[in-house]
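Heads up: the sequence shown begins at 0 in numbering that gives the first Met the number 0, then just goes up one per residue.
No residue lacks a Cβ here, since even glycine has one placed at the ideal position from N, Cα and C.
A quick write-up on the structure given underneath.
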Amino acid sequence: MSSSVPGAVETSEPGCDKPAERITPEAFGIESAAIAGIVFLAFAVMKMVRPAPAFPLDDAFITLHSAQVLHSGSDPNFPGVHPLYGITCAPFLGLVYLLLFFLKPLAALDIACWLGLLAYALGLHFMTRVLGLPTTTRIAVIALGLLCSFVPYQLLNGLETSWALASVIWLLALATGSGEKWPWAAIAAGLAGSIRPDLIPLSFFVMLLLVIKCWRQKQYQRAILLCVIASIPLALTALWYYRSIGTAFPQTGVAKHYFFADPDYLSKRALSVGALALMSFAFTVGPICVAIPYLFRSWLGKVCLLFTGLFLVAIFLDWPGAIVTNRFRYPVILVPILIWAFASGRKARPALLISLLYSALFAIFALRLYTDDCQSMQSAEEDIAAWCEYNVPANSTLLIHDAGYIAYRTHFRIVDMVGLKTPAAIPLNRKFTFPSAGRLRNITVSQLAEESGSRYLIIHEPFFPTLIPDLQRIGWHPKLMHQNQYYSVFVLTQPTPNASN
Numbered sequence: 000m001s002s003s004v005p006g007a008v009e010t011s012e013p014g015c016d017k018p019a020e021r022i023t024p025e026a027f028g029i030e031s032a033a034i035a036g037i038v039f040l041a042f043a044v045m046k047m048v049r050p051a052p053a054f055p056l057d058d059a060f061i062t063l064h065s066a067q068v069l070h071s072g073s074d075p076n077f078p079g080v081h082p083l084y085g086i087t088c089a090p091f092l093g094l095v096y097l098l099l100f101f102l103k104p105l106a107a108l109d110i111a112c113w114l115g116l117l118a119y120a121l122g123l124h125f126m127t128r129v130l131g132l133p134t135t136t137r138i139a140v141i142a143l144g145l146l147c148s149f150v151p152y153q154l155l156n157g158l159e160t161s162w163a164l165a166s167v168i169w170l171l172a173l174a175t176g177s178g179e180k181w182p183w184a185a186i187a188a189g190l191a192g193s194i195r196p197d198l199i200p201l202s203f204f205v206m207l208l209l210v211i212k213c214w215r216q217k218q219y220q221r222a223i224l225l226c227v228i229a230s231i232p233l234a235l236t237a238l239w240y241y242r243s244i245g246t247a248f249p250q251t252g253v254a255k256h257y258f259f260a261d262p263d264y265l266s267k268r269a270l271s272v273g274a275l276a277l278m279s280f281a282f283t284v285g286p287i288c289v290a291i292p293y294l295f296r297s298w299l300g301k302v303c304l305l306f307t308g309l310f311l312v313a314i315f316l317d318w319p320g321a322i323v324t325n326r327f328r329y330p331v332i333l334v335p336i337l338i339w340a341f342a343s344g345r346k347a348r349p350a351l352l353i354s355l356l357y358s359a360l361f362a363i364f365a366l367r368l369y370t371d372d373c374q375s376m377q378s379a380e381e382d383i384a385a386w387c388e389y390n391v392p393a394n395s396t397l398l399i400h401d402a403g404y405i406a407y408r409t410h411f412r413i414v415d416m417v418g419l420k421t422p423a424a425i426p427l428n429r430k431f432t433f434p435s436a437g438r439l440r441n442i443t444v445s446q447l448a449e450e451s452g453s454r455y456l457i458i459h460e461p462f463f464p465t466l467i468p469d470l471q472r473i474g475w476h477p478k479l480m481h482q483n484q485y486y487s488v489f490v491l492t493q494p495t496p497n498a499s500n
């Protein structure tokens, strides 16, 4: 029986100078346990510093609310709307749902993120073993993967991001080296696409590469088996979505596209925004960008490069500002690709110390932003929820931009103007908001308010600086009732029949 474990390979991808060293299962287990212990220590320190979990993004509470609805079987906030609406990652929702059997809601969401962080850290360790890096280099690469760019911020953002990062690094590590690990790579490919639909192209390209290698070796049955294995997680997730919301994939991207995007993709303004956003992301990544040329050294690297290009183009076409949204929440999944390329390119190792120092300094900034964002968001959302509970009639309907925390905290009926939790808003945004680049968003809001009977509007006013004047222009009379550092509450008085249209 072989004494090797995942991480010991006999052949290596082009770009690696030597095969990985053999390691006994005992040693590999000890190293993994040590990493798990460090993650647990970080968790304990975090609980000492901040006993109550907090999250920097309102979207996190959409997941939590949906998991609670799956438990209770009813949704007072969005009656008749399936819990999977507004959810980007059904597997992550399922994990939170399971944790709710044992933990309180906020703790369940927090632990789900920490488990993703652990999976990512173990994936980095696994990758360094596959590449046969020396001990000190392994430690440095793992630290770099955890500290680079806004990774420290996004690992605990309350969403599936930590699991997306983990799926990418595990996929690349398992696809590197000997073919005996490729069935596990197929599982990782299926899981990656299930966790984040925007990772499906990466999963497809990597699997295509592995299938071609099998085909050239006349291992036809194995090639078919890899395809079947990779398709199982995707098929199960797609089936859950289809049975729940009528489509095989989440509709969050569609809703945000029609609500936020500018249809004039090739305008000078859109191109400038996209270029500036890309340069800003490169700045957060820092010296590790020198790893990009190393992607040309292997077919797996070229596949990753192809995915990176398509991913960035897709983000730009979907919504140019999405690159910088939520502290680079979307492009941060490219960091594991750069880490893998950096670790694979042995000539890049002299730059490892510089990259690690840069990332460590930037991580201080990212963690400070994370702390500040958690505190400000928690304060603003708790304030607005408390004000509504004390001042808004219980049978009222709220028309709102950020629907997560209010749904988690209160029992008001809610209309989500973006369309994440209110699917009826999507066709309105497609008809008015998107073609006008947001100039007719007031028409969408007006129709939603009329159809739902909502007379309370809650928005982040700086995000929609013209919405209130635009509503006034078509006859509505918004009256500011409450405001904090982030949200504003308006009472809406319906236009009179002779109001201007």
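Proximity of residue i and residue j at Cβ, strictly below 8 Å
i	j	result
Leu419	Phe431	no
Gly115	Ala165	yes
Gly157	Cys112	yes
Leu233	Gly273	no
Tyr357	Pro434	no
Val556	Ser148	Outside the shown range of the chain (0 to 500) lies residue 556, about which nothing can therefore be said.
Leu466	Val488	no
Leu108	Val95	yes
Ile141	Ala120	yes
Leu294	Ala139	no
Thr87	Pro335	no
Leu360	Pro151	no
Leu397	Leu447	no
Cys387	Thr421	no
Ala229	Ile291	no
Ala237	Leu117	no
Classification of residue i by the beta-carbon crowding that lies within 10 angstroms, buried from 16 upward
i	result
Val167	buried
Glu25	exposed
Trp214	exposed
Lys17	For Lys17, the predicted model reports a pLDDT of 47, less than 50, meaning its position is unreliable; a value from the coordinates is still stated below. Exposed, because fewer than 16 other Cβ atoms sit within 10 Å of the Cβ of Lys17.
Gln374	exposed
Asn394	exposed
Gln484	exposed
Arg412	buried
Leu479	exposed
His64	buried
Pro78	exposed
Asp74	buried
The beta strand (DSSP E) enclosing residue i, as first and last residue numbers
i	result
Phe489	Ser487 to Thr492
Thr396	Thr396 to Ile399
Helix, strand or coil at residue i according to DSSP, with G and I counted as helix
i	result
Met416	coil
Pro104	helix
Lys478	strand
Thr409	coil
Tyr257	helix
Tyr455	strand
Pro18	Because Pro18 sits at a pLDDT of 47, beneath the cut-off of 50, its placement in the model cannot be relied upon, and the point is left open.
Phe431	helix
Arg268	helix
Pro422	coil
Gly28	helix
Ile442	helix
Ser71	helix
Arg137	helix
Gly157	coil
Gly178	helix
Pro151	helix
Ile168	helix
Ala61	Going by the sequence as given, residue 61 is Ile instead of Ala. Note: Ile61 maps to helix in three-state DSSP.
Thr127	helix
Ile473	coil
Gly144	helix
Ala35	helix
Thr251	helix
Gly437	coil
Leu173	helix
Continuous alpha helix (DSSP H) stretch holding residue i: start and end
i	result
Tyr241	Tyr219 to Ile244
Phe364	Leu351 to Asn390
Thr465	It is not in any alpha helix (DSSP H) - Thr465 carries neither H nor E in the DSSP assignment.
Leu207	Ile199 to Arg215
Leu190	Trp181 to Ile194
CB contact check: residue i to chain D, cutoff 8 Å
i	result
Glu380	Among the chains of the structure shown, chain D does not appear; only one protein chain is present.
My parser needs the beta strand (DSSP E) runs of 3 or more residues fully inside the segment 77-123; what are they? Counting only unbroken stretches of 3 or more residues, no beta strand (DSSP E) element lies wholly within the segment 77-123.
Which whole runs of the alpha helix (DSSP H) in the segment 277-347 are 4 residues long or more, in chain order? The qualifying runs are 298-317, 324-327 and 334-343.
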